[in-house]
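Encoded as structure tokens, the structure appears first; notes follow it.
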Amino acid sequence: HTRLKASLKLGLDEVPCIIADDLTEEQIKAFRLADNKTAELATWDFAKLEEELANIEMDMSLFGFEELEANVPDNATDDDFDPTDDLSDAPYTQKGDIYILGNHRVMCGDSTEKTDVKKLIQDDRIDLVFTDPPYNVDYEGTAGKIMNDKMEDNNFYLFLYKAFENMFEHTKPGGAIYVCHADTEGLNFRNAFKNAGYKLAECLIWVKNALVLGRQDYHWRHEPILYGWREGAAHYFVDDRTQDTIWEYNKPKRNEEHPTMKPLELVGKAIANSSRVNDIVLDLFGGSGSTMIASDQLQRRARIMELDERFVDVIVKRYLKYKVSLDDCYLIRNGKEIPLSHINDFQILSL
């Protein structure tokens, strides 16, 4: 009966079966009992099970696998990360490089170029987008200017639209999206968001523990986050009716080099609310890698794009701080696979 139920759930026209036409009626009854008994003797190889589930684009909780999420934390935790530790004026990364880091992929490329985005995502379908594009505020710190952070109004809109269009193309129907942005560019962000095809459902507010000094009359102590999804299927949201639009999280203590760096708890909340274990999370503006680290902590698979070679180095090194082995980490450059263990710039720092 279980096989029949599973076949119906999968939409199969026929139930896979073996005809026991060479058994007596008594043997058939004995086999039926013994077959049901074997399930009590089996145990899971959880590492292999997670690997198998990662390649299935279905909600496997429908088949009783929701207990696998019991070992996943409710949210990401801060890693007290300082980008300046790994920032270099002579990065190892080159444009077009793709890093395979366990279940994650990181590419040094252009989020507005369809060919780059396709190389990063390949044939994957994105379950969730969490992204933090440039705010167009012309920030300059000791590490230099943030790329694409000072454009004329129409050029900035077109820049955002191309990036959102690429995100939308690869997002599953029902896939959610969160976009951090500056309120001063709210019109461009909202227009690009909706014109690319996403449904704008709500605007969340990140309230910080301290204001950000600026030149305006009122100092900013909040940032808005657009929230919506690609229509065409029901969007997933955690079964929790206590959620509200105000998110209160402290600013990262060390964000001078990448001033819009988000706390891992904030990114993790979006990921936990709008995706399941093994889902694919996309960020086409990778920055210092917070989306990937939060995805890793919450057992999601990240697809990250970053234009600045220096910050791709930072993302890779930040990830390696968590790891004890480089066995599943390698670089794809000019079609060749290079194990990270062969690259002096990328070694396990905790050993």
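Numbering-wise, the working numbering comes out as the position in the sequence shown, counting from 1, plus 1314. Where a beta carbon is used, it is the ideal one built from N, C-alpha and C, also for glycine.
{"query": "Using DSSP with H/G/I as helix, E/B as strand and the rest coil, what is threonine 1605?", "result": "helix"}
{"query": "Using a 10 Å radius around the Cβ and a threshold of 16 neighbouring Cβ atoms, would you call glutamine 1613 buried or exposed?", "result": "buried"}
{"query": "Mapping DSSP to helix, strand and coil, what is lysine 1476?", "result": "helix"}
{"query": "Considering Cα atoms alone, identify which of Leu1540, Ile1594 and Thr1498 is closest to tyrosine 1532.", "result": "Thr1498"}
{"query": "What separation, rounded to the nearest whole angstrom, lies between the Cα atoms of leucine 1347 and glycine 1325?", "result": "27 Å"}
{"query": "Rounded to whole angstroms, what's the CA-CA distance from aspartate 1336 to arginine 1647? Just pull it up for me.", "result": "58 Å"}
{"query": "So, glutamate 1579 versus asparagine 1417, is the Cβ gap smaller than 7 Å?", "result": "no"}
{"query": "Short of 7 Å in beta carbon distance, which residues of its chain neighbour isoleucine 1652, apart from the five on each side in sequence? Order them along the chain.", "result": "Tyr1644 and Leu1645"}
{"query": "Mapping DSSP to helix, strand and coil, what is leucine 1654?", "result": "helix"}
{"query": "With a cut-off of 8 Å on the beta carbons, I'd call leucine 1598 and asparagine 1480 a contact; round off their distance for me.", "result": "7 Å"}
{"query": "Tell me where the beta strand (DSSP E) around glutamate 1516 begins and ends.", "result": "1513 to 1526"}
{"query": "For threonine 1338, does the three-state DSSP call read helix, strand or coil?", "result": "coil"}
{"query": "Distance check for lysine 1567 and threonine 1426, CA to CA, integer angstroms please.", "result": "31 Å"}
{"query": "Between the alpha carbons of lysine 1576 and leucine 1322, how many angstroms are there, rounded?", "result": "44 Å"}
{"query": "In the DSSP assignment, find the beta strand (DSSP E) that holds aspartate 1393 and state where it starts and stops.", "result": "No beta strand (DSSP E) holds aspartate 1393; DSSP gives it neither H nor E."}
{"query": "Beta carbon of alanine 1515, beta carbon of tyrosine 1541: below 7 Å?", "result": "yes"}
{"query": "Can you name the start and end residues of the beta strand (DSSP E) that aspartate 1641 belongs to?", "result": "That residue, aspartate 1641, is in no beta strand (DSSP E); it is neither H nor E in DSSP."}
{"query": "Arginine 1494 bridges to which residues according to DSSP?", "result": "Contrary to the premise, residue 1494 reads as cysteine rather than arginine in this sequence. BP columns for cysteine 1494 point to Ile1539."}
{"query": "Determine, using beta-carbon pairs with one atom in the segment 1545 to 1558 and one in the segment 1580 to 1593, whether at least three such pairs fall under 8 Å.", "result": "yes"}
{"query": "List the endpoints of the continuous beta strand (DSSP E) containing arginine 1617.", "result": "1615 to 1620"}
{"query": "Can you give me the C-alpha to C-alpha distance between glutamate 1545 and tyrosine 1471, rounded to a whole angstrom?", "result": "22 Å"}
{"query": "Aspartate 1441: which of Tyr1563, Ile1519, Glu1623 and Ser1609 sits nearest, CA to CA?", "result": "Ser1609"}
{"query": "What residues in its chain sit with their C-beta under 7 Å from that of alanine 1506, if we drop five residues either side in the sequence?", "result": "Tyr1471, Leu1474, Tyr1475 and Phe1478"}
{"query": "Mind reading off the beta-carbon distance from phenylalanine 1444 to threonine 1605? Whole number of angstroms is fine, and I expect it under 8 Å.", "result": "5 Å"}
{"query": "So valine 1420 and isoleucine 1657 are in contact, right, with Cβ under 8 Å, and what is the actual spacing, rounded?", "result": "With 8 Å as the limit, valine 1420 and isoleucine 1657 do not qualify as a contact, their Cβ atoms being about 14 Å apart."}
{"query": "I need the boundaries of the beta strand (DSSP E) containing isoleucine 1412, first residue and last residue.", "result": "1412 to 1415"}
{"query": "Does the Cβ of aspartate 1622 have 16 or more other Cβ atoms within 10 Å, making it buried, or fewer, making it exposed?", "result": "buried"}
{"query": "According to DSSP, simplified to helix, strand and coil, what is glutamate 1571?", "result": "The predicted position of glutamate 1571 is uncertain, since its pLDDT is 48 and thus under 50; a value taken from the coordinates is nonetheless stated next. Glutamate 1571 falls in the coil class under three-state DSSP."}
{"query": "Could you check where the beta strand (DSSP E) with phenylalanine 1503 kicks off and where it finishes?", "result": "Per DSSP, phenylalanine 1503 belongs to no beta strand (DSSP E); it is in the alpha helix (DSSP H), 1500 to 1509."}
{"query": "Just checking my contact of glycine 1500 with tryptophan 1543 at CB under 8 Å: how many whole Å lie between their CB atoms?", "result": "Going by Cβ atoms, the distance from glycine 1500 to tryptophan 1543 rounds to 19 Å, so no, they are not a contact pair."}
{"query": "Exposed or buried, what is phenylalanine 1395 when buried is set at 16 or more other beta-carbons lying within 10 Å of its beta-carbon?", "result": "buried"}
{"query": "Quick one: using the 10 Å Cβ neighbour count with 16 as the cut-off for buried, is alanine 1510 buried or exposed?", "result": "buried"}
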